[in-house]
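A.B. asks: In the numbering used here, the protein residues as written are 99 to 203.
Glycine is no exception: its CB is placed at the ideal position from the N, C-alpha and C atoms.
1) In whole angstroms, what is the alpha-carbon distance linking residue 113 and residue 137?
2) Roughly how many whole angstroms lie between the Cα atoms of residue 160 and residue 153?
3) When we look at the beta-carbon of residue 132 and count the other beta-carbons within 10 Å, is it buried (16 or more) or exposed?
4) Between residue 121 and residue 165, what straight-line distance do the alpha-carbon atoms span, to the nearest angstrom?
5) DSSP beta-bridge partners for residue 125?
6) Answer yes or no: do residue 124 and residue 118 have a C-beta to C-beta separation smaller than 8 Å?
7) Excluding the 5 residues preceding and the 5 following residue 127 in the sequence, name in chain order all residues of the same chain whose CB lies nearer than 7 Å to its CB.
8) CA-CA distance, residue 169 and residue 104?
9) Which of the three DSSP states is assigned to residue 150 in this structure?
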């Protein structure tokens, strides 16, 4: 994956404005961070794998992918639990037959 692929990914899936990367690194403006990484990569004279901006961008991309995967798992379990609760509720409640339903005029 090159920086252009990561750039396209962040254009289609923008990260949150603020990100706590590590205990000692807090990104307060991710758009500015990404823009500085792109500029650093473009202006770097040498192989891309030696560019510090490339490593920062790559690590940030990996962090965002991990966070997206971690957030997707709890949401799925919440949905499954709510569906089970709804099905348990409807199965435990007695649904009256049509003849038992009183219609008032």
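C.D. replies: Put simply:
1) Residue 113 sits at position 15 when you count from the first residue of the chain shown. Residue 137 sits at position 39 when you count from the first residue of the chain shown. As the crow flies, the alpha-carbon of residue 113 is around 18 Å from that of residue 137.
2) Against the chain shown, residue 160 aligns to sequence position 62. Against the chain shown, residue 153 aligns to sequence position 55. Each residue's alpha carbon lies about 10 Å from the other.
3) Counting from 1 along the chain shown, the entry for residue 132 is found at position 34. Buried is the call here.
4) The count along the chain shown starts at 1 and reaches residue 121 at position 23. The count along the chain shown starts at 1 and reaches residue 165 at position 67. Separation of residue 121 and residue 165 (C-alpha to C-alpha, rounded to the nearest whole angstrom) is 16 Å.
5) As a position in the chain shown, residue 125 is number 27, starting the count at 1. Answer is 117, bridged to residue 125.
6) For the purposes of this step, residue 124 is taken as residue 26 along the chain shown, with counting starting at 1. For the purposes of this step, residue 118 is taken as residue 20 along the chain shown, with counting starting at 1. Yes, the pair counts as a contact, with Cβ atoms nearer than the cut-off.
7) Residue numbering aside, residue 127 sits at position 29 when the chain shown is read from its first letter. The residues are 115.
8) Taking the chain shown and counting its residues from 1, one reaches residue 169 at position 71. Taking the chain shown and counting its residues from 1, one reaches residue 104 at position 6. Those two C-alpha atoms are separated by around 20 Å.
9) Indexing the chain shown from 1 puts residue 150 at position 52. Residue 150 falls in the helix class under three-state DSSP.
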